[in-house]
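J.: Chains as they are written, first to last, in our numbering: chain A, 388 to 702; chain B, 17 to 313. A virtual CB, placed ideally from N, CA and C, is assigned to each residue, including glycine. Fair warning: this is a prediction, and the values are worked out from it, not measured in the lab.
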Amino acid sequence: MSLSWPSIWRGPAGLTFRLCLRTSLAPASLALLIALIANFTSEPDLIDGSPAAAATPWLTLPLLVIAVSCCLCAAHTWPVFALRQPGAETLRRIEHSPLGGRGAVITGALLAQLALTAPLAIGLSALLDAPNNARRHHVVAAAENPVLKGEGTSVTFHIKGSPTIDAIWMRPRASLPTGDGATEVTITANGKRLASTPIAFSESGALMRVAIQQQPLPQFTLTQTAGSVPLYFAPKTVTAVGAATLPTWANSLLLALIATSTSAITLALAALIGLGSGWATLATAICCLQFVQWIGNTGPIADALLSVMRGQWLL
Amino acid sequence: MPSRIPSQPMVNAISAHQLAVTFAGNSKKAAVEALLPLDLEVAAGTIVGVLGPNGSGKTTLLRALAGLQRPTSGRVEVLGESPDKKSLIQRVAYQSEGALPMAVLSAPEYLAFLGAELGLANTESDRRAKNLLERLELSHAGSRRIRTFSTGMCKRLALAGALIAEPEVLLLDEPTAGLDPFGTATVMEILRERVSQGGTILMASHHLLEVEEICSEVLLLHNGAVKARGTLEDLLATEDRAMVVRGLNDDGLQQLANDAKSRGGEVVRIERPRDHLFALFRRLGRSREDTKAGPKQ
Chain A
388 MSLSWPSIWR
398 GPAGLTFRLC
408 LRTSLAPASL
418 ALLIALIANF
428 TSEPDLIDGS
438 PAAAATPWLT
448 LPLLVIAVSC
458 CLCAAHTWPV
468 FALRQPGAET
478 LRRIEHSPLG
488 GRGAVITGAL
498 LAQLALTAPL
508 AIGLSALLDA
518 PNNARRHHVV
528 AAAENPVLKG
538 EGTSVTFHIK
548 GSPTIDAIWM
558 RPRASLPTGD
568 GATEVTITAN
578 GKRLASTPIA
588 FSESGALMRV
598 AIQQQPLPQF
608 TLTQTAGSVP
618 LYFAPKTVTA
628 VGAATLPTWA
638 NSLLLALIAT
648 STSAITLALA
658 ALIGLGSGWA
668 TLATAICCLQ
678 FVQWIGNTGP
688 IADALLSVMR
698 GQWLL
Chain B
17 MPSRIPSQPM
27 VNAISAHQLA
37 VTFAGNSKKA
47 AVEALLPLDL
57 EVAAGTIVGV
67 LGPNGSGKTT
77 LLRALAGLQR
87 PTSGRVEVLG
97 ESPDKKSLIQ
107 RVAYQSEGAL
117 PMAVLSAPEY
127 LAFLGAELGL
137 ANTESDRRAK
147 NLLERLELSH
157 AGSRRIRTFS
167 TGMCKRLALA
177 GALIAEPEVL
187 LLDEPTAGLD
197 PFGTATVMEI
207 LRERVSQGGT
217 ILMASHHLLE
227 VEEICSEVLL
237 LHNGAVKARG
247 TLEDLLATED
257 RAMVVRGLND
267 DGLQQLANDA
277 KSRGGEVVRI
287 ERPRDHLFAL
297 FRRLGRSRED
307 TKAGPKQ
């Protein structure tokens, strides 16, 4: 009969943590199975040539199921969350914290979600061959109008903090050509060429990944050496890429943290909604809030998941 | 079972002065006067029954005393303090009429949670939980979730939850509703023990027989107003006097009846005394326990 539980398991946070794990495990497993079957049996729509990145839409399913079930479990476990829930009076009387125990319950639910999501994200990125070493993408800023519109024109980009770079990715927009031939561009820094051969652009939106010798790089210059296709380097279309200081599993852990942030927002809003609504309304609101953030792409999670699968460091 | 409650210097465990509760209305609904101004004093170490039809204000009164319902006017003190004080969480327990929270837990888990919330040490909480579950015949439920419990089991667990901190004051809303006679008898026994140890109990009930058996005082509410109050002796006494005779045969009884008539009295009825069903179930319950215990060596 004795439970032999330490105190931490007996409070609202510990109880919610255990109940969320217990409740979410089965639906999460089922969702994971469906996602894996769907991913391996469907024809992948490759994103940047990466099968792991192509799996992103399916991987959203188990992570979303965990988020939704943890939030629903938390709100249901603690009846104070919504009006007229059975047993709320008992808890309201003994729970004298300013938030009526909701803070502890939300903490427990988020920890449970993290405990389920982190191994899943780490395991899936490994299973689906996401790049082993996460790459860090650095923001670059053009010093002048970022347009190459004729031979000899150039654009210089600055990289904040002079990080160590080993690749430059470009996806310029092309205008109508004024003559024949693709535009060729060279990359230089301090007067030295960073890539041995020029990069040719003939269509708009084509991604070019240029590997360079690893080096600290404060700035680099793109110079048009040939061709007649004007190129416009809009913001975020040129990226300096370097190795991240931490491996991919740390990146996956970051993804799990970002996933819990969506639930933190959901449960905080749910606590407010529950002040004036019953359980059915609250449950509907929780589902809607999660769907909007995950599927509706109003939250950071969809981009973060894609970035992890592409091997892009999240910070 | 629980240790003796330290004796309190105060005379009244509960006192209310001109306590009134009105539920505000709106454009569609009129305001409801759930409790008209009432004065109430409950002496420490007594059981007071609150009786009345549905909607008479029993639950509202208990909720106000538990600090869950802010009075519209008047003053309430429980153990000398305002009922919503944090310091009373352990000392005053409220068993609501409604369902238990966290129905996905098992009974031991639920009591462990309550023990932790009420600030009990883990070992002490577990010890009390074990005793209460055994006493209220819930040990067999084991790891079953509360949501699978019958109404009676939920009631018994709710009482266990109210008793886990060994409170000085128990506010019970229909503590025996839905219980079988054996369960009712056990609950009554536990409540009597609490009072004998110095505890104070205010219980709302529709079970008149139980109230009559256990309560020293009653408060009758109707439409939020107190219609009668006092000890059962005072409230139930009539001007008539009855005599209970034992050991006479039919002839002797007839002579006694004739004598009563000759003295101007009226013989209402002559009948064989019988026990009530509640006592029968209690006897059966005792014999069941004896059977379970087996023959003594």
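(1) When you compare only the Cα positions, how much space is there between residue 682 of chain A and residue 236 of chain B?
(2) By DSSP, does residue 392 of chain A sit in helix, in strand, or in coil?
(3) Quick one, which residues of the segment 79–113 of chain B are near chain A if we go by CB-CB under 7 Å, in chain order?
(4) To which residues does DSSP link residue 238 of chain B through a beta bridge?
(5) Can you tell which of A:530, A:675, A:641 has the C-alpha that lies nearest to the C-alpha of residue 653 of chain A?
(6) Does residue 456 of chain A come out as helix, strand or coil in the three-state DSSP assignment?
(7) For residue 636 of chain A, does the three-state DSSP call read helix, strand or coil?
(8) Let me know if residue 443 of chain A comes out buried or exposed under the rule of 16 or more other beta-carbons within 10 Å of its beta-carbon.
(9) Is there a C-beta anywhere in chain A that falls below 8 Å from the one on residue 117 of chain B?
(10) If the criterion is Cβ atoms closer than 8 Å, does the pair residue 468 of chain A and residue 698 of chain A meet it?
(11) Buried or exposed: which applies to residue 271 of chain B, given that a residue is buried once 16 or more other Cβ atoms fall within 10 Å of its Cβ?
(12) Entirely within the segment 193–221 of chain B and at least 4 residues each: give me those alpha helix (DSSP H) ranges in chain order.
(13) State the CB to CB distance for the pair residue 106 of chain B and residue 181 of chain B, rounded to an integer number of angstroms; the pair is presumed to be in contact (CB under 8 Å).
(14) Could you tell me the distance, in whole angstroms, from the CA atom of residue 82 of chain B to the CA atom of residue 109 of chain B?
(15) Is there a C-beta anywhere in chain B that falls below 8 Å from the one on residue 494 of chain A?
(16) Where does residue 562 of chain A fall in DSSP's three states?
(17) I want to see whether chain C comes within less than 8 Å of residue 182 of chain B, judged by CB atoms only; does it?
(18) Starting from residue 189 of chain B, follow its DSSP beta bridges and name the residues at the other end.
(19) For residue 525 of chain A and residue 519 of chain A, what's the separation of their Cα atoms in angstroms?
(20) Along chain B, which residues have their Cβ under 8 Å away from the Cβ of residue 392 of chain A?
(21) In the DSSP assignment, find the unbroken beta strand (DSSP E) run with residue 557 of chain A in it and report its ends.
(22) With distances taken between CB atoms, is the gap from residue 702 of chain A to residue 691 of chain A smaller than 8 Å?
(23) Any C-beta of chain A sitting closer than 8 Å to the C-beta of residue 152 of chain B?
(24) Taking the straight line between their C-alpha atoms, what separation do you get for residue 712 of chain A and residue 125 of chain B?
(25) What's the C-alpha gap between residue 189 of chain B and residue 92 of chain B?
(26) Here's the rule: buried if 16 or more other CB atoms are within 10 angstroms of the residue's CB, otherwise exposed. What is residue 695 of chain A?
(27) Any C-beta of chain A sitting closer than 8 Å to the C-beta of residue 120 of chain B?
(28) Taking the beta strand (DSSP E) that residue 85 of chain B belongs to, which residues open and close that run?
(29) Who are the neighbours of residue 134 of chain B on chain A, taking C-beta pairs under 9 Å?
(30) Determine whether the beta carbon atoms of residue 119 of chain B and residue 131 of chain B lie at a separation below 8 Å.
(31) With C-beta atoms as the reference, is residue 269 of chain B less than 8 Å away from residue 78 of chain B?
(32) Among B:160, B:198, B:54, B:38, which residue has its Cα nearest to the Cα of residue 241 of chain B?
(33) Which value, in whole angstroms, describes the spacing of the CA atoms of residue 172 of chain B and residue 150 of chain B?
(34) With contact counted as at least three CB pairs below 8 Å, one residue from each stretch, are the segment 628–641 of chain A and the segment 500–513 of chain A in contact?
(35) Strictly below 9 Å CB to CB, what residues from chain B border residue 663 of chain A?
(36) Who pairs with residue 483 of chain A in a beta bridge, going by DSSP?
T.: The answer reads as follows:
(1) 59 Å
(2) Reduced to three states, the DSSP call for residue 392 of chain A is coil.
(3) Residues 82, 83, 84, 102, 105, 110, 112.
(4) B:241
(5) A:675
(6) helix
(7) Here residue 636 of chain A carries a helix assignment [DSSP, helix/strand/coil].
(8) Buried.
(9) yes
(10) no
(11) exposed
(12) 197–212
(13) Right, their Cβ atoms sit about 5 Å apart.
(14) Just so you know, the alpha carbons of residue 82 of chain B and residue 109 of chain B end up roughly 8 Å apart.
(15) no
(16) coil
(17) You won't find chain C in this structure, because its protein chains are A and B.
(18) B:220
(19) Distance between the alpha carbons of residue 525 of chain A and residue 519 of chain A is about 19 Å.
(20) 128, 138
(21) 551–557
(22) Contact: no.
(23) Output row for residue 152 of chain B: interface = no.
(24) Here chain A covers residues 388 to 702 and nothing more, so residue 712 of chain A does not appear.
(25) 18 Å
(26) buried
(27) yes
(28) DSSP places residue 85 of chain B outside any beta strand (DSSP E), giving it a letter other than H or E.
(29) 481
(30) no
(31) no
(32) B:54
(33) 11 Å
(34) yes
(35) Here the premise fails: no neighbours, minimum Cβ distance about 14 Å.
(36) BP columns for residue 483 of chain A are empty, so no partner.
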